[in-house]
Amino acid sequence: MIPAASMSLEATNQSCDCGEPHEDLIQFLENLVNELGFFKDRYILNYGIENAANQSRDLDRQMDEKLEIFLKHQSAALEMNKPYYYYLKGKLLNISTTYSSEAESLLSKAIKLDPKIVDAWNELGESYFKANEFAKAQSCFEGGLREIFKYQELYKQALESLETAALYDPMWEDPKVQGAQLLQYLQNIVELIRTKGKLKPKKLKQILKTINFKYLGPYSAAGQCGETTTALHNVPYNELQPGSNVGKVILGTVICSVVTESAVPFTFCSIDKSETIIVTTLYNLAAGKGVIIGDRVAIPQPLVTDIDFHYKDNHFKFRTVRVQNPMQMIVNGKQVDDKVVSNASLCVLDH
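Next up, the structure:
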């Protein structure tokens, strides 16, 4: 089993078919699933070895009760977060000691709707394992790992994992499609850096003139945030170090965004006064939000990764800045509004 990424979901007061309001319906359902898992894992300790023969029967009874509750809340939960509801119901059914085709179907739906739910990959792997489909099980466990690779920006490992998955199950198209999409994404980045966003020299010259320290906003030496001075040392892109650049802030102008099949992360290239280009990967951004060409963007304490690897006939070499919280950015001298932040977010540890 691989470590799971955590899912943060916005709490909502919502009525459902049971007639009762729930402060956080998804969390309520997740608690039911966890309760059943705890019941199964602690059964012998709580009821004694002499009752072990009754475990399967009692587990099925408890599951039926919780499935009824799921059914009562289904319409509201599907409206709130369809893929996560499918994942939770699939996980509930997967707690059974025997294979469930319904669990497999629900977990497959969850992954197709939202491949970022790492736990769903793990659960689907468990389901295939129960069905003795070991190659598919391994592919799913690696599928969860691939998501972590992608969102940790370990692109070489992600590409190699997708290639391996396609070999395990040649009939499964998802790894092939995802591999091609990720490869194209990386190729687009390299090409856009090489061509400086495909901007004409005159346009690029105009953009460079717009980079002014006033766009650092509250991160400038004179900037204030409440009563606290938030001055950081402005450095050019080429003076950044890999990892976290504590006490520093960068400022550049957006020259292009990078087209990708996945909405996460929102990726753009920017250029600073030294005419160095850097790639920014922006996470937890609400759908339809982002920056546009010409926006001046300041990023405090940038988390930098140097990408440099060969894959097949490609050489990928560029520098990225990862932004987990869009509200930390200053765009055109102003702090980003909280409306641009996604309600559901994938959280991964910094590497």
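Here the sequence shown stands for residues 264 to 614, where the numbers follow this note's numbering. C-beta: ideal position from N, C-alpha, C; glycine also.
Check residue 506 in the structure and name its three-state DSSP category.
strand
Who are residue 560's beta bridge partners in DSSP?
515 and 594
Please state if the CB of residue 517 and the CB of residue 530 are separated by a distance shorter than 8 angstroms.
no
Bridge partner(s) assigned by DSSP for residue 358:
In the DSSP output, where bridge partners are listed per residue, residue 358 has none listed.
The beta strand (DSSP E) spanning residue 585 covers which residue range?
577-586
Please classify residue 600: does DSSP put it in a helix, a strand, or coil?
coil
So, using beta-carbon positions, are residue 539 and residue 416 closer together than 8 angstroms?
no
When burial is assigned at 16 or more other CB atoms within 10 Å of the CB, is residue 320 buried or exposed?
exposed
Contact belief for residue 533 with residue 560 at Cβ below 8 angstroms, rounded distance in angstroms
6 angstroms
Quick check on residue 488: does DSSP put it in helix, strand or coil?
Here residue 488 scores only 44 on pLDDT, less than 50, and its place in the model is too uncertain to base an answer on.
For residue 436 and residue 456, I'd like the C-alpha separation in whole angstroms.
31 angstroms
Where the beta strand (DSSP E) through residue 301 begins and ends
First-last for residue 301: 288-304, but that is the alpha helix (DSSP H), not the beta strand (DSSP E).
Cutting at 6 angstroms between CB atoms, please list the residues of its own chain near residue 544, excluding the five before and the five after it.
528, 530, 583 and 585
Is the stretch 302-318 touching the stretch 335-345 in the sense that three or more CB pairs, one from each, lie closer than 8 angstroms?
no
State the Cα-Cα distance for the pair residue 369 and residue 293, rounded to the nearest angstrom.
15 angstroms
Using only the alpha-carbon positions, how far apart do residue 597 and residue 509 sit?
21 angstroms
Less than 8 angstroms between the CB atoms is what I'm expecting for residue 661 and residue 482, so what's the real figure, rounded?
For the chain, the structure presents residues 264 to 614; residue 661 sits outside this window and is missing.
What's the call for residue 441, buried or exposed, on a 16-neighbour Cβ count within 10 Å?
buried
Residues near residue 318 by beta carbon distance below 7 angstroms, same chain, minus five either side
306
Compute the Euclidean distance between the alpha carbons of residue 587 and residue 463, then round it to the nearest angstrom.
32 angstroms
Kindly indicate which three-state DSSP category residue 542 falls into: helix, strand or coil?
strand
Quick one: is residue 507 buried, meaning 16 or more other Cβ sit within 10 Å of its Cβ, or exposed?
exposed
Taking the straight line between their C-alpha atoms, what separation do you get for residue 477 and residue 595?
9 angstroms
Closest to residue 384 by C-alpha separation, out of 332, 395, 402 and 396, would be which residue?
402
Three-state class that DSSP yields for residue 344 in the structure shown:
helix
Report back the beta-carbon spacing between residue 388 and residue 404 to the nearest angstrom; my notes put them in contact at under 8 angstroms.
4 angstroms
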